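Under our numbering, the residues of the sequence shown are numbered 13 to 118, in order.
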Amino acid sequence: MTYALARPRRLDLETFARAAGVHPELPRRLVVLGVLQARTDPSGTLWFEESQLRAMARIQRLRAGFALNYAALGLVIDLLDRIAELEAAARTRSRPAGGTPWISTG
């Protein structure tokens, strides 16, 4: 288990949108759709972790490359994440115990 040594930096909606190069309404919509994650403070301000900038860049690449609407992006991202998990699990299972995967022992 790992623990953060410092609290992650949070970005408000305006700062996040500026850093991502998008209009502030887009991240707000993506949060409502569940594609981006943000926290809301008691005053209603949206706060994003810096890791969501990578998620936003991924969303923009998928939208540009596949001409998906924003509602479909959630499904595509979930599927891509699941594929990555399954591939990682398959790589872990296929490695011989105590050996290196690229050296044949047969």
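Ideal Cβ placement from N, Cα and C applies to all residues, glycine included. Bear in mind that the values here come from a model prediction, so they are computed numbers and not experimental data.
Range of the contiguous alpha helix (DSSP H) that encloses residue i
{"i": "residue 25", "result": "25–32"}
{"i": "residue 98", "result": "82–106"}
{"i": "residue 37", "result": "37–45"}
Residue i burial status per 10 Å Cβ neighbour count (16 or more: buried)
{"i": "residue 54", "result": "exposed"}
{"i": "residue 47", "result": "buried"}
{"i": "residue 71", "result": "buried"}
{"i": "residue 78", "result": "exposed"}
{"i": "residue 50", "result": "buried"}
Separation of residue j from residue i, as counted between CA atoms
{"i": "residue 74", "j": "residue 89", "result": "9 Å"}
{"i": "residue 63", "j": "residue 36", "result": "17 Å"}
{"i": "residue 86", "j": "residue 42", "result": "9 Å"}
Anticipated Cβ contact below 8 Å, residue i with residue j, distance rounded
{"i": "residue 65", "j": "residue 31", "result": "6 Å"}
{"i": "residue 45", "j": "residue 76", "result": "Wrong, their Cβ atoms sit about 18 Å apart, outside the cutoff."}
{"i": "residue 23", "j": "residue 40", "result": "Actually they do not touch by this definition, with Cβ atoms about 13 Å apart."}
Where residue i falls: helix, strand or coil (DSSP)
{"i": "residue 21", "result": "coil"}
{"i": "residue 65", "result": "helix"}
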